[in-house]
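The sequence shown begins at 1 in UniProt numbering and counts up one residue at a time. Working notes, beginning with the structure itself.
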Amino acid sequence: MIRIIIADDHAIVRGGLKQIIATTSDIVVAAEAAQGSEVVDKLRTCAVDLLLLDMTMPGISGVDLIRRVRAEQPTLPVLVLSIHDEAQVASRALRAGATGYLTKDSDPDVLLAAIRKLADGGRFIDPKLVDAMVFESHRGDVPRHEVLSDREFQVLQMLAVGRSINEIADACALSAKTISTHKMRLMQKLGLSNNADVIRYALRHGLIVE
Numbered sequence: 001m002i003r004i005i006i007a008d009d010h011a012i013v014r015g016g017l018k019q020i021i022a023t024t025s026d027i028v029v030a031a032e033a034a035q036g037s038e039v040v041d042k043l044r045t046c047a048v049d050l051l052l053l054d055m056t057m058p059g060i061s062g063v064d065l066i067r068r069v070r071a072e073q074p075t076l077p078v079l080v081l082s083i084h085d086e087a088q089v090a091s092r093a094l095r096a097g098a099t100g101y102l103t104k105d106s107d108p109d110v111l112l113a114a115i116r117k118l119a120d121g122g123r124f125i126d127p128k129l130v131d132a133m134v135f136e137s138h139r140g141d142v143p144r145h146e147v148l149s150d151r152e153f154q155v156l157q158m159l160a161v162g163r164s165i166n167e168i169a170d171a172c173a174l175s176a177k178t179i180s181t182h183k184m185r186l187m188q189k190l191g192l193s194n195n196a197d198v199i200r201y202a203l204r205h206g207l208i209v210e
C-alpha cells in the first residue's frame, strides 16, 4: 500500500484528490496539510511513502518547502501537482529536489501513474512539459530571472498579476517589509524600475500565472 500526504491549501482540491485516490486499491491518503509548516510537522509524525505537493501554498513556498523536506527526508518521493505549466517553474521544483512534476489539468489516470512510478523509485515529468524543458535546458542565453532566489521569483510572479505588497505578504505569511525587500532586490537584479517593467518582463518571458 502506498501511503501519501496531500499538501494543498484548497480544501476542494484535497477533496477531489481524495476521491481519485479512493478509486484505487493500492494508494491511501494518510494525512493532509493546508500550509507549508503543516507538511513538515505531519511528515515528522506520520509515516508516508510519497508527498503530493501544491507548488504555491501559504507560508513556506513550494521550492523552499521541497528543500526543507529533502533535508529532513532525503529519500521521500515528492510529486509536485501545480497550476504552473511553465517549464522554468517545473525546472526550479526539480532542481530543488522534487522527483516528479504534474500540472493540475492532468488526467486522473496520469496522476495515479505518476504516484505509482515515484513510489517505485522512478521519476515523472508531465508529458506536456517535457519538450519545453529540454529546449529550456539547451538554451545558451540564460534569462536574467534565473539569478533570482526562489522567494524573489515567487514575488516577481505575484507582482506581475497585480498583487499588492500586503497581499503578497499575507499569501507568503511574511511581513510587508520583507516582501518589499524581495521586490527591491529582484528589480535590481533584473534592471527594472517600476511595476510596469515587472509586468512587461514577466509577459515577455512567459512568467504570468493567474
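All C-beta atoms in this analysis are idealised placements derived from N, C-alpha and C, irrespective of residue type, glycine included.
Coarse secondary structure for residue i, derived from DSSP in three states
| i | result |
| --- | --- |
| Ile6 | strand |
| Ala30 | strand |
| Leu203 | helix |
| Gly100 | strand |
| Ser106 | coil |
| Ile208 | coil |
| Leu112 | helix |
| Val155 | helix |
| Ser149 | coil |
| Ile60 | coil |
Nearest neighbour of residue i, chosen from the options [CA to CA]
| i | options | result |
| --- | --- | --- |
| Leu41 | Ala98, Arg163, Leu159 and Arg68 | Here residue 41 turns out to be Asp, not Leu, going by the sequence shown. Taking only the C-alpha atoms, the option nearest Asp41 is Arg68. |
| Ser25 | Arg3, Thr45 and Gln35 | Arg3 |
| Ala47 | Val28, Ser37 and Asp54 | Val28 |
| Leu51 | Gln73, Glu152 and Arg144 | Gln73 |
| Gly162 | Ser180, Ser149, Val198 and Phe153 | Val198 |
| Leu203 | Ser164, Thr178, Ser180 and Ala160 | Ala160 |
| Pro143 | Leu190, Ala98 and Asp120 | Leu190 |
| Asp105 | Asp170, Val13 and Tyr201 | Val13 |
| Leu17 | Phe153, Glu167 and Leu81 | Leu81 |
| Leu207 | Thr99, Ala87, Met184 and Ala98 | Ala87 |
| Pro77 | Arg95, Ile115, Ala30 and Asp107 | Ile115 |
| Thr45 | Ile5, Val89 and Gly97 | Ile5 |
| Gln19 | Gln157, Leu112 and Ser193 | Leu112 |
| Met184 | Pro58, Leu148 and Ile21 | Leu148 |
| Asp120 | Gly100, Asp107 and Arg200 | Gly100 |
| Arg92 | Thr56, Pro108 and Thr75 | Thr56 |
| Leu62 | Glu38, Leu118 and Ser193 | The sequence given here places Gly at residue 62; Leu does not occur at that position. Per the Cα distances, Glu38. |
| Ile60 | Ala176, Ala30 and Ala171 | Ala171 |
| residue 223 | Ala98, Gln154 and Val110 | The displayed coordinates of the chain run from 1 to 210. Any statement about residue 223 would go beyond what the structure contains. |
| Asp150 | Ile21, Glu32 and Leu94 | Leu94 |
| Ala98 | Pro108, Arg70, Val110 and Ile83 | Arg70 |
| Thr103 | Ile83, Met158 and Lys117 | Ile83 |
First through last residue of the alpha helix (DSSP H) which encompasses residue i
| i | result |
| --- | --- |
| Gly15 | Ala11 to Ala22 |
| Val40 | Gly36 to Thr45 |
| Ala173 | No alpha helix (DSSP H) holds Ala173; DSSP gives it neither H nor E. |
For residue j and residue i, believed in contact at Cβ under 8 Å, the rounded distance
| i | j | result |
| --- | --- | --- |
| Asp64 | Lys128 | Incorrect: roughly 25 Å between the Cβ atoms, too far for contact. |
| Asp8 | Asp54 | 4 Å |
| Ala96 | Ile66 | 4 Å |
| Leu174 | Glu152 | That belief does not hold up - the Cβ atoms of Leu174 and Glu152 are roughly 12 Å apart, past 8 Å. |
Run of the beta strand (DSSP E) containing residue i, from where it starts to where it stops
| i | result |
| --- | --- |
| Thr181 | Segment Ala176 to Leu190 is the alpha helix (DSSP H) holding Thr181; no beta strand (DSSP E) there. |
| Val80 | Val78 to Ser82 |
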